[in-house]
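Colleague: Sequence lines, in order, name chains A and B.
Under my numbering, the first residue of the first sequence carries the number 1, and numbering increases by one thereafter.
Under my numbering, the first residue of the second sequence carries the number 1001, and numbering increases by one thereafter.
No residue lacks a Cβ here, since even glycine has one placed at the ideal position from N, Cα and C.
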Amino acid sequence: MIAMEKTLLDLEPGMRGTLTRFAGNPGFVRKLRTIGIREGKTLTVVARHPLGGPVVVEVDGREVTLGRGMARKVIVDVAA
Amino acid sequence: MKTVVLMGNPNVGKSGIFSRLTGTRVITSNYPGTTVDVSRGKMRLLDTPAEVIDAPGTYSLTPTNPAEEVAAGIFAQADLVVNVVDATNLERNLYLTLETLERGVPAAVALNLWDEAGHSGITIDVAGLEALLGVPVVPTVGLAGQGIRELVERLGEAHPSETIRPMSEEERWVAVGRITGSVQTITHRHHTLRDRVAEASIRPITGLFIALAVIAAAFLAVRWIGEGLISLVFEPLFDLYTPIVMRLSDLLGPGVLHEILIGRLFDGEIDYVQSMGLLTTGLYVPLAMILPYIVAFYLVLSILEDTGYLPRLATLTDTFFHRLGMHGYGIIPVFLGFGCNVPGALATRVLETKKQRFVAATLMSLAIPCMAQIAMIFGVLGPFGLQYVVMVFATLALVYVAVGLVLNRVVPGECPEIFLEIPPYRMPDLRATVTKTWMRVRGFIGEAIPYLFLGILLVNLLYAVGFLDLLAAVFAPVMETWLGLPAGAAVALLVGFLRKDLAVGMLVPLGMSPEQLVIAVTILSVYFPCVATFVVLLRELGMRGMLAAAGVMVTTALLVGGALRVVLIGF
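Here's what the structure looks like:
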């Protein structure tokens, strides 16, 4: 199985990926980790709102809404 | 006296546990950021009284918004910490637990939402967790009161953890993973129909339709319940009351006391809106015109809050609110503000930056009339036709958007993106809903009625000494030339600083046309907050922020008033 690295923002609704790393500063990383978005977690994109709207992801059975700027800094592996 | 502090992530049920520990009722809801301020109460700990503090939720001891700053500040005062943990989400909650225990403060852990964890197939080895954390761990169901007694007993033996030592952030994450892995087992659960409905409400297109339906239903429910209460309960009560006041009126005869208690009679009859006596208008306006809608609104709001719908609405409206210099969570101050602007102003604390909070607070003061005011607007303008009521609200909505677009451009500062946990949908508990509605209604009765009495008394006194005529004369140029209103409307604007609902009522005797009423009522909403809101805004925004906000309000009022005059009346 080949894994492809993408940002969370690249994932279409319904797709899932495993979080590999963050491309942001330590404050940003802590903020995401404390809400449950951490390395090794499987993230499923529930919705991506139009007109620059936020992305909704599911992690551990919980949904989290985050802005696109944040989603762009979350790097995931997608099984292809 | 010892200080017990409740710490935990947002929306894990700290306030529910607080209510149970202290017997003090506080507002609980199903969305992160319900508690933005500090509640204090008393409990007995090992037979000595102790103070209990309910802190706003926080994900870590490094704060990212004012509510979290409050939490971090309170943590410093703790002799003993009750760390409330969401058992359905142990892994995420443990970070704060470890951070707390590392500080060496005596602590105990309440594994809250224990019933929900069981239902979703999560089992936690409580004894194992206790051994790893080195402090008492008690499963609880805060709303039902389950496990509270044991929690109180075990609090007696709370001590600093002997197993958790200070560590680096990376080490802490490793520890979180290790502890969760060793104590938690999850039985996998399949997607149910309920999950699919839940997801539909947060997706763009289906979500929009659901949102429109929910808002329409909420609006209709408020009207229907409010009108029902008026025609079935309050009108009949006042029908019984009228002969009694008329008797009193006869007994008193004309004079100052009659003026103050009963007020003016119209053709020998009491006009409950216009008479302006303490026992007539002073009782009728708050009880028969406003209270029914307050009850209806808070009932509906409670249900919306407790189901967990509001964060979903925040997600759907995020793009819109971003254009106005906030993000989707700006919807929370709007919703609370419709009830009363005071909690609305406090709720701006859920926003991260000064810019967002300034915009949210200013827009709320401008364009979100409180329920008391809305009820009066319907009461005063409704008889002329619903189109006039619509004019007022359409103007206010336009003001909200237009001023928001401008403020977003001109107010310096950052506007970070939304970052929000979506709580699971929960069925509102009937008893909790009734209790919460009653707490808020009681708050209204306790605050509105004394102020209304004071307002009516003041109006009578100021008329008697001729001050109000003077005021009207001074403001006549602005009122008459610019806004097309009778000079007397200035008096209503003055009273509006005390109570806006009363001020709307005071417009009635001026005999204005419905168009003039639309202008007056709109300006009354926009020009300045009432004193209770003003005090809170001053604290939240600071002197400079408040001055800037006030500048925006007065300017907008004059511009909007002038524009409405041109459109509705002409030059």
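I'd like the ranges of any beta strand (DSSP E) spanning at least 3 consecutive residues and lying wholly in the region 1386-1424 of chain B.
Modeller: Whole beta strand (DSSP E) segments, 3+ residues: 1419-1422.
Colleague: Identify the contact partners of residue 1422 of chain B in chain A, using a Cβ-Cβ distance below 8 Å as the criterion.
Modeller: 56, 62, 63, 64, 65
Colleague: Is it a yes or a no for the region 1039-1050 of chain B touching the region 1018-1030 of chain B, going by three-plus beta-carbon pairs under 8 Å?
Modeller: yes
Colleague: Quick check on DSSP: helix, strand or coil for residue 1487 of chain B?
Modeller: Reduced to three states, the DSSP call for residue 1487 of chain B is coil.
Colleague: By Cβ distance below 7 Å, which residues in the same chain neighbour residue 1158 of chain B in space, the five residues on each side in sequence not counted?
Modeller: Result list for residue 1158 of chain B: 1080, 1106, 1107, 1108, 1135, 1136, in chain order.
Colleague: At the 9 Å Cβ level, is residue 1309 of chain B part of the contact set with chain A, yes or no?
Modeller: no
Colleague: Taking one C-beta from the region 1280-1292 of chain B and one from the region 1211-1231 of chain B each time, how about it: are there three or more such pairs within less than 8 Å?
Modeller: yes
Colleague: So is residue 1374 of chain B buried or exposed if we call it buried at 16+ other beta carbons inside 10 Å?
Modeller: It is buried - the Cβ of residue 1374 of chain B has at least 16 other Cβ atoms within 10 Å.
Colleague: Give, in chain order, every residue of the region 6-30 of chain A whose Cβ lies closer than 7 Å to some Cβ of chain B.
Modeller: Within the region 6-30 of chain A, the residues whose Cβ lies closer than 7 Å to any Cβ of chain B are, in chain order, 30.
Colleague: With distance defined between alpha-carbon atoms, name the residue in B:1460, B:1478, B:1568 nearest to residue 1257 of chain B.
Modeller: Nearest C-alpha to residue 1257 of chain B among B:1460, B:1478, B:1568: B:1460.
Colleague: Using only the alpha-carbon positions, how far apart do residue 1387 of chain B and residue 1444 of chain B sit?
Modeller: Approximately 29 Å, taken between the alpha carbons.
Colleague: Out of curiosity, what's the CA-to-CA distance linking residue 1427 of chain B and residue 1195 of chain B?
Modeller: 14 Å
Colleague: Quick one, which residues of the region 1403-1428 of chain B are near chain A if we go by CB-CB under 7 Å, in chain order?
Modeller: Cβ proximity to chain A below 7 Å picks out 1417, 1418, 1419, 1420, 1421, 1422 from the region 1403-1428 of chain B.
Colleague: Helix, strand or coil for residue 1263 of chain B per DSSP?
Modeller: It is a strand residue.
Colleague: Following the continuous alpha helix (DSSP H) through residue 1182 of chain B, name the residue where it begins and the one where it ends.
Modeller: 1169-1183
Colleague: So residue 1490 of chain B and residue 1479 of chain B are in contact, right, with Cβ under 8 Å, and what is the actual spacing, rounded?
Modeller: 5 Å
Colleague: Going by alpha carbons, who is nearest to residue 1098 of chain B out of B:1169, B:1113, B:1049, B:1067?
Modeller: B:1169
Colleague: According to DSSP, which residues form a beta bridge with residue 1049 of chain B?
Modeller: B:1044
Colleague: Please determine, among B:1544, B:1503, B:1280, B:1017, the residue with the shortest C-alpha to C-alpha distance to residue 1369 of chain B.
Modeller: B:1503
Colleague: Going by beta-carbon coordinates alone, are residue 1430 of chain B and residue 1329 of chain B separated by less than 9 Å?
Modeller: no
Colleague: Taking 9 Å as the CB-CB cut-off, is residue 135 of chain A touching chain B?
Modeller: Nothing can be reported for residue 135 of chain A: it is not among the residues displayed for chain A, which extend from 1 to 80.
Colleague: Can you tell me which of the three DSSP states residue 14 of chain A falls into?
Modeller: coil
Colleague: Mind listing, in chain order, the continuous beta strand (DSSP E) runs of no fewer than 3 residues lying wholly within the region 1045-1124 of chain B?
Modeller: 1048-1054, 1080-1086, 1107-1112, 1122-1124
Colleague: Could you check whether the Cβ of residue 1482 of chain B sits closer than 9 Å to any Cβ belonging to chain A?
Modeller: It does not: the Cβ of residue 1482 of chain B has no partner Cβ on chain A nearer than 9 Å.
Colleague: What does the Cβ neighbour count give for residue 1521 of chain B, buried or exposed, with the cut at 16 atoms within 10 Å?
Modeller: Answer is buried; the Cβ neighbour count reaches 16.
Colleague: Between the Cα of residue 1579 of chain B and the Cα atoms of B:1417, B:1555, B:1437, B:1495, which residue gives the shortest distance?
Modeller: The requested residue 1579 of chain B is not part of the displayed model; chain B covers only 1001 to 1571.
Colleague: Can you tell me whether residue 1207 of chain B is helix, strand or coil according to DSSP?
Modeller: helix
Colleague: Spell out whether any CB of chain B is found under 9 Å from the CB atom of residue 43 of chain A.
Modeller: no
Colleague: Between B:1517, B:1236, B:1013, B:1261, which lies nearest to residue 968 of chain B when the distance is taken from Cα to Cα?
Modeller: The question about residue 968 of chain B has no answer, for chain B in this structure spans 1001 to 1571.
Colleague: Who are residue 75 of chain A's beta bridge partners in DSSP?
Modeller: A:7, A:21
Colleague: Check this for me: beta carbons of residue 1085 of chain B and residue 1053 of chain B, under 9 Å apart or not?
Modeller: no
Colleague: Should residue 1251 of chain B be labelled buried (16 or more other beta-carbon atoms within 10 Å of its own) or exposed?
Modeller: exposed
Colleague: Of all the residues that make up the region 1515-1526 of chain B, which are near chain A by a beta-carbon distance shorter than 8 Å?
Modeller: none
Colleague: Please confirm whether residue 1117 of chain B has its beta-carbon closer than 9 Å to some beta-carbon of chain A.
Modeller: No, because no Cβ of chain A sits closer than 9 Å to the Cβ of residue 1117 of chain B.
Colleague: When the distance is taken between beta carbons, is residue 1032 of chain B closer than 9 Å to residue 1508 of chain B?
Modeller: no
Colleague: I want to verify the contact list: residues of chain A whose CB lies under 7 Å from the CB of residue 1202 of chain B, in sequence order.
Modeller: 46, 47, 56, 63, listed in chain order.
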